[in-house]
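Residue numbers (the numbering used here), protein chains in the order written: chain X, 1 to 159; chain R, 160 to 300.
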Amino acid sequence: MKIILSAFTSGLIFAIGLGLAGMTRPTKVLGFLNLAGRWDPSLMLVMVGAISVFAITYRFMMRRKESLLGSPLHVPPRGSIDWKLLLGAAIFGVGWGLGGFCPGPAIVGAAGQAPDALLFVVAMIVGQFAHAWLTTRGSKASENTRKKGTLHHANQSIL
Amino acid sequence: MAHEAGTALAGGALIGLASALMFSLSGRIFGVSGVLGGLLTPKQGEFAWRAALVAGLVLGGFVLRQALPGAFDISAVRPLGLTLIAGLLVGFGTRLGNGCTSGHGVCGVARLAPRSLAATVTFLGVGMVSATLVHLVMGAQ
Numbered sequence: 001m002k003i004i005l006s007a008f009t010s011g012l013i014f015a016i017g018l019g020l021a022g023m024t025r026p027t028k029v030l031g032f033l034n035l036a037g038r039w040d041p042s043l044m045l046v047m048v049g050a051i052s053v054f055a056i057t058y059r060f061m062m063r064r065k066e067s068l069l070g071s072p073l074h075v076p077p078r079g080s081i082d083w084k085l086l087l088g089a090a091i092f093g094v095g096w097g098l099g100g101f102c103p104g105p106a107i108v109g110a111a112g113q114a115p116d117a118l119l120f121v122v123a124m125i126v127g128q129f130a131h132a133w134l135t136t137r138g139s140k141a142s143e144n145t146r147k148k149g150t151l152h153h154a155n156q157s158i159l
Numbered sequence: 160m161a162h163e164a165g166t167a168l169a170g171g172a173l174i175g176l177a178s179a180l181m182f183s184l185s186g187r188i189f190g191v192s193g194v195l196g197g198l199l200t201p202k203q204g205e206f207a208w209r210a211a212l213v214a215g216l217v218l219g220g221f222v223l224r225q226a227l228p229g230a231f232d233i234s235a236v237r238p239l240g241l242t243l244i245a246g247l248l249v250g251f252g253t254r255l256g257n258g259c260t261s262g263h264g265v266c267g268v269a270r271l272a273p274r275s276l277a278a279t280v281t282f283l284g285v286g287m288v289s290a291t292l293v294h295l296v297m298g299a300q
């Protein structure tokens, strides 16, 4: 229950922060991403502010074995920089520059009735589902290939 | 100019605080695309906190609408079709790349995680190319 409350509160504070920072306005975001217009460095400052605060907290927390509410610390696994990461980031970047929305501001915007934000969120969900579907298809296909291989060997042993 | 820089930093600090609260209290990384993805393909014990986080974002949107008039653009900056395509790409790309501006860009970079650093440099760079090209082709911002 406390975890749920803390998640809710974090989401709320995050949204307020986005709004104060102007990141809920595609105009401002694109003002940074668009290098050909009047360049607006705000997004960079937002990230610096956010990263600074989180970095301090993270270093403090990593000295502990669990969260302040006693949960495990779900730190993402180290992993290699593979093609999925880079291609995924690139595809995300294309979309971000096209629309001026990324996931957080889109959801906040949709709730705040920002123009076309809800449409973006729906499309984003479809895009996420598309990836999930492709991934399950891919793993089923390789599963079938393995099964076929086993059957082949079984037939040979009968002979 | 200074006022703008001030609100940007302050807003950023709040975003950092929210992420910090999330991690220190629940041990979870505040990555919106991951939170959303986990809601769409839910697993046991992974749903409630994600739903709560999104609910917080949604309430935040309501609050901003009421309390901060300048928080949202007045009219759409892009044609509808482009926004649709953008949404599809962002949805697909954030799942394939396992994160977005919050997960990779804020938390991952703060952790100096190599994957997040690589992802962030990539989506920032490509984002800039994308936005700049649209501006040049469409004459839009």
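For every residue, glycine included, the Cβ atom is placed at its ideal position computed from N, Cα and C.
Chain R residues whose Cβ lies nearer than 9 Å to that of residue i
i: residue 25 of chain X; result: 229, 230, 231, 232 and 236
i: residue 139 of chain X; result: Within 9 Å Cβ-Cβ: nothing; residue 139 of chain X doesn't reach chain R, min ~13 Å.
Within chain X, partners of residue i - CB distance below 7 Å
i: residue 163 of chain R; result: 42
i: residue 111 of chain R; result: Given that chain R is displayed from residue 160 to residue 300, the structure contains no residue 111 of chain R and the question cannot be resolved.
Spatial distance of residue i from residue j (CA atoms)
i: residue 293 of chain R; j: residue 214 of chain R; result: 33 Å
i: residue 202 of chain R; j: residue 297 of chain R; result: 43 Å
i: residue 280 of chain R; j: residue 127 of chain X; result: 22 Å
i: residue 4 of chain X; j: residue 289 of chain R; result: 37 Å
i: residue 246 of chain R; j: residue 70 of chain X; result: 37 Å
i: residue 160 of chain X; j: residue 200 of chain R; result: No answer is possible for residue 160 of chain X: it lies beyond the span of chain X, which begins at 1 and ends at 159.
Residue from the options whose Cα sits closest to the Cα of residue i
i: residue 7 of chain X; options: R:254, R:185, R:171 and R:232; result: R:185
i: residue 14 of chain X; options: R:219, R:279 and R:168; result: R:219
i: residue 310 of chain R; options: X:78, X:5 and X:39; result: Look at the range of chain R in this structure, 160 to 300, and you will see that residue 310 of chain R is not part of it.
i: residue 269 of chain R; options: X:134, X:61, X:89 and X:24; result: X:61
i: residue 110 of chain R; options: X:51, X:83, X:71 and X:114; result: No answer is possible for residue 110 of chain R: it lies beyond the span of chain R, which begins at 160 and ends at 300.
i: residue 227 of chain R; options: X:17, X:28 and X:107; result: X:17
i: residue 166 of chain R; options: X:21, X:2, X:117 and X:102; result: X:21
i: residue 175 of chain R; options: X:25, X:9 and X:50; result: X:50
i: residue 124 of chain X; options: X:142, X:140, X:48 and X:99; result: X:99
i: residue 72 of chain X; options: R:173, R:187, R:177 and R:170; result: R:187
Chain-ordered chain R contacts of residue i [CB-CB under 7 Å]
i: residue 142 of chain X; result: Near residue 142 of chain X there are no residues of chain R at all, since even the closest Cβ is about 18 Å away, more than 7 Å.
Contact set between residue i and chain R, taken where Cβ atoms lie within less than 8 Å
i: residue 39 of chain X; result: Ordered by position in chain R, no residue passes the 8 Å Cβ test against residue 39 of chain X, which lies about 10 Å from the chain.
Contact set between residue i and chain X, taken where Cβ atoms lie within less than 9 Å
i: residue 287 of chain R; result: 32, 33, 34, 35, 93 and 97
i: residue 252 of chain R; result: 87, 88, 89, 90, 91, 92, 93, 94, 95, 96, 127 and 131
i: residue 296 of chain R; result: Correct list: empty, because the minimum Cβ distance to chain X is about 10 Å.
Contacts that residue i makes with chain X (C-beta to C-beta distance below 8 Å)
i: residue 240 of chain R; result: Going along chain X, no residue has its Cβ under 8 Å from residue 240 of chain R, so there is no contact; the nearest lies around 10 Å.
Output, in sequence order along the chain, the residues in the region 75-91 of chain X whose CB is closer than 7 Å to any CB in chain R.
-> 76, 79, 81, 84, 85, 86, 87, 88, 89, 90 and 91
Mind checking the region 180-214 of chain R against chain X and listing, in chain order, the residues whose C-beta falls within less than 7 Å of any C-beta there?
-> 180, 181, 182, 183, 184, 185, 186, 187, 188, 189, 191, 192, 195, 196, 199, 200, 207, 208, 211, 212, 213 and 214
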